[in-house]
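When we follow the working numbering, the leftmost residue of the sequence shown carries the number 1, and every step to the right adds one.
Quick reminder that beta carbons are idealized off the backbone N, C-alpha and C, glycines included.
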Amino acid sequence: MRIATLQHRHEARTCLAFAGPDGAFIAVPDALAGVSGGRETVRMSKLMFPETADWLQPGGIDMLATLKDAALAQGVAPADMNDWRLGPPVVNPGKIIAVGRNYMDHVREGQEIWAKRGKIVTIPQFPSAFAKFATSLCGPDSPILVPEGVDDVDYEIELAVVIGTRALNVSEADALDYVAGYTICNDVGARGIQRKEMEAQIGITLAKNFPNFAPMGPWMVTADEIPDPQTLEIGLEVDGEPRQRANTSDMIFSVPYLISYWSRVGLNPGDIIITGTPSGVALARAEPEKFYLRVGQTVTAWIDGIGVLRNTIADAP
Ligand code: MG
Numbered sequence: 001m002r003i004a005t006l007q008h009r010h011e012a013r014t015c016l017a018f019a020g021p022d023g024a025f026i027a028v029p030d031a032l033a034g035v036s037g038g039r040e041t042v043r044m045s046k047l048m049f050p051e052t053a054d055w056l057q058p059g060g061i062d063m064l065a066t067l068k069d070a071a072l073a074q075g076v077a078p079a080d081m082n083d084w085r086l087g088p089p090v091v092n093p094g095k096i097i098a099v100g101r102n103y104m105d106h107v108r109e110g111q112e113i114w115a116k117r118g119k120i121v122t123i124p125q126f127p128s129a130f131a132k133f134a135t136s137l138c139g140p141d142s143p144i145l146v147p148e149g150v151d152d153v154d155y156e157i158e159l160a161v162v163i164g165t166r167a168l169n170v171s172e173a174d175a176l177d178y179v180a181g182y183t184i185c186n187d188v189g190a191r192g193i194q195r196k197e198m199e200a201q202i203g204i205t206l207a208k209n210f211p212n213f214a215p216m217g218p219w220m221v222t223a224d225e226i227p228d229p230q231t232l233e234i235g236l237e238v239d240g241e242p243r244q245r246a247n248t249s250d251m252i253f254s255v256p257y258l259i260s261y262w263s264r265v266g267l268n269p270g271d272i273i274i275t276g277t278p279s280g281v282a283l284a285r286a287e288p289e290k291f292y293l294r295v296g297q298t299v300t301a302w303i304d305g306i307g308v309l310r311n312t313i314a315d316a317p
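This is the structure in structure tokens:
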């Protein structure tokens, strides 16, 4: 099942929605109104509040599936996308853990960059990560915003794992049981600021967290549709020009390993792990300035079995 959030274009309203067989989205409030009546509808009222992540917890997605069947049977009309835009599938995650180096070819291109500066980057022995904040999220219908004074905004296609069940010290063998679904994240960063932050050896918190530096979506595909997250073709294009291409089988640390490792801090429903990017980022190219994202361009990130996340580039207001 494809689950999205819809943000009203003119009013401060956000709701959950699910895709019907034709791909059009049915808003949960419309579905609930269409199938109203009885105790079951009261129970389903948790689906009215996407920001709480209640809907991701065990039973919530089953409830959405039940509601979807009822709504389709009753012919509930899809949402009018003139009034709504797609938001990030999880609107208010408690945390977004962003794994830094998880594809060997990306590690190698990073090693080359730092070698020019006389620094040695080793092959990772554990999945180190930084934090992205909920304030950096946006959906596919919003632009990536270039901050004032920044001219080196870079892209990174990543598989995003959405946690559905509280996970604390879980084993690698059990880890996938804690996944609600998968989506796509473009882990956007400002490279010059990132370099300064890396040299300060604290973190890359500013470089990776400007508003709309975590486009996510276009929806979440529930975990039942992706039994093995290590088999997915992924790629990214800028104005149709291929920049990144890989398979998630190339990850150094698998999705179950990442969940198990990071469950040491305690993962809650709605928390997201983004799993690292393959090679091909602008920074690693011979003339990076020719490849950084420019206002007016469109960046397209895709993962087989999930969908296509497309964002335009605009100046920050
Ligand atoms: Mg990244």
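DSSP bridge partner residues for residue i (one or two, in chain order)
i	result
THR222	GLY181
GLN74	According to DSSP, GLN74 bridges with nothing at all.
GLY189	ASP154
PRO215	CYS138
ILE313	ILE144
THR5	LEU16 and GLY87
VAL238	GLU241 and VAL299
GLU233	ASN247
ILE274	ALA98 and ALA160
Sequence-distant residues of the same chain with beta carbon closer than 6 Å to residue i, five excluded per side
i	result
ASN92	GLU51 and ALA134
VAL150	ALA190
ALA31	LEU67, ALA71 and VAL76
ALA282	ASP154, PRO288, PHE291 and TYR292
ALA53	PRO269 and GLY270
ILE202	none
GLY280	ARG243 and GLN244
ILE193	LEU206 and ALA207
ALA320	Because the chain here runs from 1 to 317, residue 320 falls outside it and cannot be looked at.
Simplified DSSP assignment, three categories, for residue i
i	result
MET104	helix
ARG117	coil
LEU64	helix
ARG245	strand
LYS132	strand
ILE306	coil
VAL162	strand
ARG85	strand
PRO143	coil
ILE202	coil
ASP54	helix
ASP174	coil
ALA98	strand
THR298	strand
VAL90	coil
LEU47	helix
LEU267	strand
ILE259	helix
ALA24	coil
ALA33	helix
ALA79	coil
ALA207	coil
ALA282	helix
Cβ neighbours of residue i in the same chain (closer than 7 Å, five flanking residues each side left out)
i	result
ASN102	PRO127, MET251, ILE252, PHE253, THR275 and GLY276
LYS196	none
ARG310	PRO140, THR298 and THR300
GLY20	ILE26, LEU72 and PRO78
GLY235	ILE157, PRO242, GLN244, ARG245 and TRP302
GLU148	ALA316
Close Cβ partners of residue i (< 8 Å) along its chain, the five nearest in sequence each way excluded
i	result
ALA223	GLY164, LEU176, VAL179, ALA180, GLY181 and TYR182
ARG285	PHE291
GLN74	GLY34 and VAL35
VAL107	ARG101, VAL121, ILE123, PRO124 and ILE252
GLN230	THR248, SER249, MET251, SER254 and VAL255
MET63	ARG43, MET44, LYS46, LEU47 and TRP55
PRO278	TYR103, ASP105, HIS106, ILE157, ILE234, GLN244, ARG245, ALA246 and ASP250
TRP262	ILE97, PRO127, ALA129 and ILE273
Distance between beta carbons of residue j and residue i, contact taken as under 8 Å
i	j	result
VAL170	ILE272	Going by Cβ atoms, the distance from VAL170 to ILE272 rounds to 16 Å, so no, they are not a contact pair.
SER136	PRO211	6 Å
ILE184	ILE259	In fact, because the Cβ distance is near 18 Å, the residues do not count as touching under 8 Å.
ALA24	PRO78	4 Å
ASP174	ALA214	With a Cβ gap of about 28 Å, ASP174 and ALA214 do not count as contacting.
Any C-beta of chain B under 7 Å from that of residue i
i	result
LYS208	As a matter of chain content, chain B is missing from the structure shown, which is built from one protein chain.
Checklist line | Pocket of the ligand MG defined by Cβ to heavy atom distance under 5 Å | finding: GLU156, ASP187 and THR277
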